[in-house]
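As structure tokens, the structure follows; a few thoughts come after it.
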Amino acid sequence: MSFPYNRYNLATQLFINNEYVESKNSAKLSVYNPVDNSLVADGIALAGAEDVDIAVASAEKAFPAWRAMSTIQRRGIMLKFADLVDNNAIALAQLTRITLGAPYEAFGKFEAGLCAEAFKDNAGWIDKFAGESWPQV
């Protein structure tokens, strides 16, 4: 499989409220591959305080719908996300490797798999209740 991304088709905007948006400030970032100093992406938006406030407000607005979902629905969403990570693990691993410089074989496969497994594990805990109670004296 060839790597599907390059500096011309990578999103450079912020991802807020389920959509790509321009930053409210003009700060930009360029990312280079530390192995050969080649440009990976240019003009990546950097979030400022106003962008963070918008993202937090969006998350707070979305939370009641998440809270109202059944545990089965929440688990399904998390498992679907884990499947998406698994299905795109090679591209995700390659993308992280070109920005970190570490070898794909040694780290990339492991990291993508670990991410998917973390979501699967957490999805399994959605309907579990734990804790201790102490007798009232």
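0 is the number of the first residue of the sequence shown in numbering that gives the first Met the number 0; add one for each residue after it.
C-beta atoms are modelled at their ideal positions from N, C-alpha and C, and glycine is treated no differently.
Annotated as proximal: Val39 and Thr98, with beta-carbon spacing under 9 Å. For the pair Ile89 and Ala117, the Cα-to-Cα distance works out to about 17 Å.
With respect to Gly100, Asn32 sits close: the two C-beta atoms are nearer than 9 Å. Under the 10 Å beta carbon count, Arg96 is surrounded by 16 or more other beta carbons and is classified as buried. Assignment of alpha helix (DSSP H) within the segment 25-102, counting only whole runs of 4 or more residues, yields 48-67, 70-86, 88-99 in chain order. Within the same chain, Cβ atoms closer than 7 Å to the Cβ of Thr11 are found at Ala40, Gly42, Ile43, Ala44, the five residues on either side in sequence being excluded. According to DSSP, Leu13 shares a beta bridge with Val20.
Under a 10 Å Cβ-count criterion, Leu13 is classified as buried, with 16 or more other Cβ atoms of the shown protein chains found around its own Cβ. Residue environment for Leu9: exposed (fewer than 16 other C-beta atoms within 10 angstroms of its C-beta). In the DSSP annotation of this structure, the continuous segment of the alpha helix (DSSP H) that includes Lys108 starts and ends at 108-123. In this structure, the straight-line span from the alpha carbon of Ile76 to that of Phe62 is close to 14 Å. If you draw a 10 Å sphere on the C-beta of Ala26, you find fewer than 16 other C-beta atoms in it, and that means exposed.
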